[in-house]
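Engineer: Mind looking over this structure? Questions follow.
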Amino acid sequence: MLARIIQRQSNRRLSRNKTHTNTRFIATKTWSKVKLGPVDAILGLNVAFNQDPNPKKVNLGVGAYRTNEGKPFVLECVREAESAIFKGKNNHEYSGIGGTEKFCDLSRELVFGPDPDLNVATVQTISGTGALRVAGEFLRKYVDHKDIYVSDPTWGNHIPIFRDSGFNVKTYRYYDGDGGLDFEGMIEDLEEMPENSIVLLHACAHNPTGIDPTKEQWNRLSSLFDVKKHIPFFDSAYQGFATGNLENDAYSIRRFVNDGHRPIVTQSYAKNMGLYGERVGALHIVARDAMELNALDSQLKINIRPMYSNPPIHGARLVTEVLSNPELKKLWLSEIVEMSDRIQHCRHRLVGGLKNAGSTKDWGHITNQIGMFCYTGLSMEQVDTLVNNYSIYLTKDGRISIAGINDDNVDYVATAIHEASLIEN
Amino acid sequence: RILVYKTLNHNMFSEVPVAPPDAIFGVKDRYVKDSSKDKVNLSIGAYRTNEGLPWVLPVVEKARNQLVNMGQDYNHEYLSIDGLSEFRRVAANILWGEYAQNDNIAIVQGLSGTGSLYTGAKFISKFLPGKSIYIPNPTWGNHKNVFTNSGLEVHEYAYYDTDTNGLDYDGFIRDLKNAPDGSVILLHLCAHNPTGVDPTAEQWQGIADIIQQKDHLSFFDTAYQGFATGDLDADAYALRLFADRGMNCLVAQSFSKNFGLYGERVGTLSAFTNSAEEAEALNSQFKRIIRVTYSNPPSFGARVVAIVLSDPELFEEWKECLKIMSGRINDMRQALYDAIQEKETPGEWNHILKQIGMFTYTGLNPKQVQSLIEDYHIYLLSTGRISMAGITTSNVEYLAQAIDDVVRANL
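Residue numbers (this note's numbering), protein chains in the order written: chain W, 1 to 425; chain A, 1001 to 1411.
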């Protein structure tokens, strides 16, 4: 009976044309006011790149690591972990609102170091973005003011994430406009802020500038945060990528914790394990004591449940396997070094290439900056030239992803950047 | 090293209260901690074999192997914000049937059913301001959370008739009529959670009539397509009916149960719109919401579903899996009913047979439920909802006896 009803209705449906206009009933005007949204700036670059027929095209947009052959890099430790997981005939059951305890413990240890006395509420999240969003939602509920401070500039998505969570997003000075850090400006702005401000910091390999405070500068910041009772919020998406050394890259976070701060930390495994699309990350909040830990943990879960119930398990399983298997962990450490070394190498090759192309400008910031990205200092017009005339894709702020550079394209890129840099603003 | 927490530091979290454990996962947690060898888990809507074990569908294993055999070509790169395109295509086909071919369907990959509901709820609160959403009484425990969290005002419509253990159709229609024009109406596509009570085809037509008259916006939640009757198209009857009438609707789709991919978080949010332009507009706005929530969706689960559903042989094999799962559940319904009949347990129990899908709303009261949990180590929700998938030929007799006991104990 049901089947016949469905068939009759299918037949009626087929006789209508493709763009449906139903004259029998008044078509609802439900969506008529919904406007077409703007294309996302960073991810939209990929679309444009893919459609470009120029054989010399270079994608310096999205921050995904590429090998010297320009290919995605599936880490060997991840491949082996995945093989073990599939062989283990695991099921796909729900993992619990905050992810598995094992994953959370390992993630916590990676960020903060082995420290059994530290009270940290940890939940698995949908990579770094998901951690930021859950943090934003949670903080808005428990903070009596509506402001959050981010560096100028910061990752493009930080601002809309916090705005959507209900914050007024304000900035503190960061980039000095000339390839370096405006540290005194940053200090001044932190001093100006009201006490107890929530301040977003990049743990290492600042995105988009690649400029990090030195250890001494981090120490000074920690003291200032103490004086102003600010709440440090570290976004850690590149641990291992900056210097190839996990402890080094966590210096800022561990320094703050050592000094008695209780930071919020958002962590991503997208880049350092090449797990981009599996969306693995964690949110940590350092708690005053076990009681506060318990309260925080329960409230974070309350926030997660209505958003997506529980996090995806596959990526977390891979991370757990790699971090808990000593051989795989050792392999991972060597692969991180491999990736950060190649990026360092590309930075030097690029500067060399610019000199060879005849540039007399000071490109020292390219080798001074650290991590996946480099703030070239190119203007919007110069960026447009690169995109339109050379099929070299980068974001409008002049940020390039070094991982998109390799021995085959570095000279082309260097020449193009040199020529673009000559264009008057 | 001695850690000194400076008392000068912030006190931001000192007032954060401990939240109660989640109603559904909380019950499961208690089950896990229980050491009794008789314990039975009837709390979570996850399929179990007759051995009481999770079941990894053979087609899922085959898809996993295919991924591994891809070698260098298998990587973990970002999906686009709206997810894997092949996945969207096959998911749309399953859900919309022929309507999927038309360009007025908007669809994005989502974080299973919950995540898709969330994105839809955010969309409604942003672009259809002032709208209230009406959810059935009762409904899945997390529905209200999802909608209030997005700032929507939530109301209920009559649904379950405790006298008949069936549908309160008149109450349903009455509440739809009384709701202000253009309200959002949450509908379970099939296998209603928690009651297992679905409208008949004729009743769906009556429901569609009122929704059209009132210009309401339907928001379908489909987590059990394939689980109700074992037939995908039959289970999607209501949606195809609405589509045929050109009714705008949103749909949150989950592959958790019908693919056994629970923790991989695979689903979609789709919409039936009036034109290709509208579909494009909706897709772009869904993506904006997704971008500031989690950027882009997880890759693995979507790949598995795409592999299975785009391969004709695997697709057929998957449909067989659906028949196995829905078949076992029906067998357990019969077994439980028979066991209860044999004991001549007081009360009416044929709702066990009439209700559809993973769950049965037993009609047991909270005291009876508490006794089942504490005295018999049988874990179910305080609403009396039991997951039929937790029943096996080994525990059905024990369960029936326990129900008989608590009913006769006059709690």
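We treat Cβ as the ideally placed atom computed from N, Cα and C, and that holds for glycine.
Quick caveat: nothing in here was measured; it's all calculated off a predicted structure.
Give, in chain order, every unbroken run of the alpha helix (DSSP H) that is at least 4 residues long and sits entirely within the stretch 254-310 of chain W.
Structural biologist: Taking only runs of at least 4 residues, the alpha helix (DSSP H) segments lying wholly in the stretch 254-310 of chain W are 290-308.
Engineer: Check whether the Cβ of Asp164 of chain W lies closer than 8 Å to any Cβ atom in chain A.
Structural biologist: Judged by the 8 Å Cβ criterion, Asp164 of chain W is in contact with chain A.
Engineer: Using only the alpha-carbon positions, how far apart do Leu118 of chain W and Asn1011 of chain A sit?
Structural biologist: If I take the Cα positions, the gap works out to 17 Å.
Engineer: Smallest Cα separation from Tyr1078 of chain A: which of A:Arg1303, A:Ile1307, A:Glu1348 and A:Leu1128?
Structural biologist: Of the listed residues, the one whose Cα sits closest to Tyr1078 of chain A is A:Arg1303.
Engineer: For the beta strand (DSSP E) that Lys170 of chain W lies in, which residues bound it at each end?
Structural biologist: First-last of the beta strand (DSSP E) with Lys170 of chain W: Asn168 to Arg173.
Engineer: Check whether the Cβ atoms of His418 of chain W and Gly358 of chain W lie closer than 8 Å to each other.
Structural biologist: Cβ distance < 8 Å, so His418 of chain W and Gly358 of chain W count as in contact.
Engineer: Which class does Ala1243 of chain A belong to by DSSP, given the choice of helix, strand or coil?
Structural biologist: In the structure shown, Ala1243 of chain A sits in a helix (DSSP, three-state: H, G or I).
Engineer: Do Val1056 of chain A and Val1305 of chain A have their beta-carbon atoms positioned less than 8 Å apart in this structure?
Structural biologist: Result no, Cβ atoms of Val1305 of chain A and Val1056 of chain A do not sit closer than 8 Å.
Engineer: Does DSSP put Asn245 of chain W in a helix, in a strand, or in coil?
Structural biologist: Looking at Asn245 of chain W - three-state DSSP - the assignment turns out to be coil, as it is neither helix nor strand.
Engineer: If you scan the stretch 103-152 of chain W from start to end, which runs of the beta strand (DSSP E) of 3 or more residues do you find wholly inside it?
Structural biologist: Fully enclosed beta strand (DSSP E) runs of 3 or longer: 120-126 and 147-152.
Engineer: What's the call for Met1325 of chain A, buried or exposed, on a 16-neighbour Cβ count within 10 Å?
Structural biologist: Burial call: buried.
Engineer: Closest to Phe49 of chain W by CA distance: which of W:Ser421, W:Glu424 and W:Ile392 is it?
Structural biologist: Cα-wise, what sits closest to Phe49 of chain W is W:Ile392.
Engineer: Spell out whether any CB of chain A is found under 8 Å from the CB atom of Glu278 of chain W.
Structural biologist: Yes, Glu278 of chain W lies at the interface with chain A (some Cβ there is under 8 Å from its Cβ).
Engineer: Which class does Gln1355 of chain A belong to by DSSP, given the choice of helix, strand or coil?
Structural biologist: Correct three-state label for Gln1355 of chain A: coil.
Engineer: Thinking C-beta only, is Leu181 of chain W closer than 8 Å to Leu394 of chain W?
Structural biologist: Going by C-beta atoms, Leu394 of chain W is not nearer than 8 Å to Leu181 of chain W.
Engineer: Measuring alpha carbon to alpha carbon, tell me which of W:Ala295, W:Asp384 and W:Asn409 ends up nearest Ser421 of chain W.
Structural biologist: Nearest option by C-alpha distance: W:Asp384.
Engineer: Within the same chain, show all residues whose beta-carbon is closer than 7 Å to that of Ala84 of chain W, passing over the 5 residues directly before and after it, in chain order.
Structural biologist: Only Glu321 meet the Cβ criterion.
Engineer: Count the other CB atoms within 10 Å of the CB of Asn429 of chain W; is the residue buried (16 or more) or exposed (fewer)?
Structural biologist: Residue numbering for chain W in the displayed model covers 1 to 425; residue 429 of chain W lies beyond these limits and cannot be assessed.
Engineer: Given that a residue counts as buried once 16 or more other Cβ atoms are within 10 Å of its Cβ, and exposed if not, what is Asn68 of chain W?
Structural biologist: Exposed, because fewer than 16 other Cβ atoms sit within 10 Å of the Cβ of Asn68 of chain W.
Engineer: Within 10 angstroms of its Cβ, does His145 of chain W collect 16 or more other Cβ (buried), or is it exposed?
Structural biologist: Under this definition His145 of chain W is an exposed residue.
Engineer: Look at the Cβ atom of Lys1028 of chain A, then the Cβ atom of Ser1043 of chain A, and state whether they are nearer than 8 Å.
Structural biologist: Contact: yes.
Engineer: Would you kindly work out how many angstroms separate the C-alpha atoms of Leu246 of chain W and Ile187 of chain W, rounded to a whole number?
Structural biologist: Those two C-alpha atoms are separated by around 27 Å.
Engineer: Going by DSSP in three states, Ser401 of chain W sits in which element: helix, strand or coil?
Structural biologist: Three-state result, Ser401 of chain W: strand.
Engineer: For the ligand MG, I want to know if Glu1264 of chain A counts as a neighbour, meaning its beta carbon is within less than 7 Å of at least one of the ligand's heavy atoms.
Structural biologist: As for the ligand MG, it is missing from this structure, which has no ligand bound.
Engineer: Go ahead and pull the three-state DSSP assignment for Val1404 of chain A.
Structural biologist: First, the residue type needs correcting, since residue 1404 of chain A is Asp and not Val in the sequence shown. Helix, per DSSP.
Engineer: For Ala1063 of chain A and Val1308 of chain A, which I take to be in contact (beta-carbon distance under 8 Å), what is that distance rounded to the nearest angstrom?
Structural biologist: About 5 Å separates the two Cβ atoms, so the contact holds.
Engineer: With H, G and I counted as helix, E and B as strand and the rest as coil, what does DSSP make of His348 of chain W?
Structural biologist: Of the three classes helix, strand and coil, the one that applies to His348 of chain W here is helix, per DSSP.
Engineer: Check the Cβ-Cβ distances between Val1154 of chain A and every residue of chain W, and say whether any is below 8 Å.
Structural biologist: Judged by the 8 Å Cβ criterion, Val1154 of chain A is not in contact with chain W.
Engineer: How about Asn1274 of chain A and Trp31 of chain W: are their beta carbons less than 8 Å apart?
Structural biologist: Contact: yes.
Engineer: DSSP beta-bridge partners for His1155 of chain A?
Structural biologist: In DSSP, His1155 of chain A forms a bridge with A:Tyr1134.
Engineer: Counting contacts by CB-CB distance shorter than 8 Å, is His92 of chain W in contact with chain A?
Structural biologist: At least one chain A Cβ lies under 8 Å of His92 of chain W.
Engineer: Does the beta carbon of Glu327 of chain W come closer than 8 Å to any beta carbon on chain A?
Structural biologist: No, Glu327 of chain W lies away from the interface with chain A (no Cβ there is under 8 Å from its Cβ).
Engineer: Could you give the C-beta distance for Tyr238 of chain W and Gly98 of chain W, rounded to a whole number, given that I count them as a contact under 8 Å?
Structural biologist: That pair is no contact at about 24 Å.
Engineer: Find out if the Cβ-Cβ distance for the pair Gln124 of chain W, Ala316 of chain W is shorter than 8 Å.
Structural biologist: Yes, these two residues count as a Cβ contact at 8 Å.
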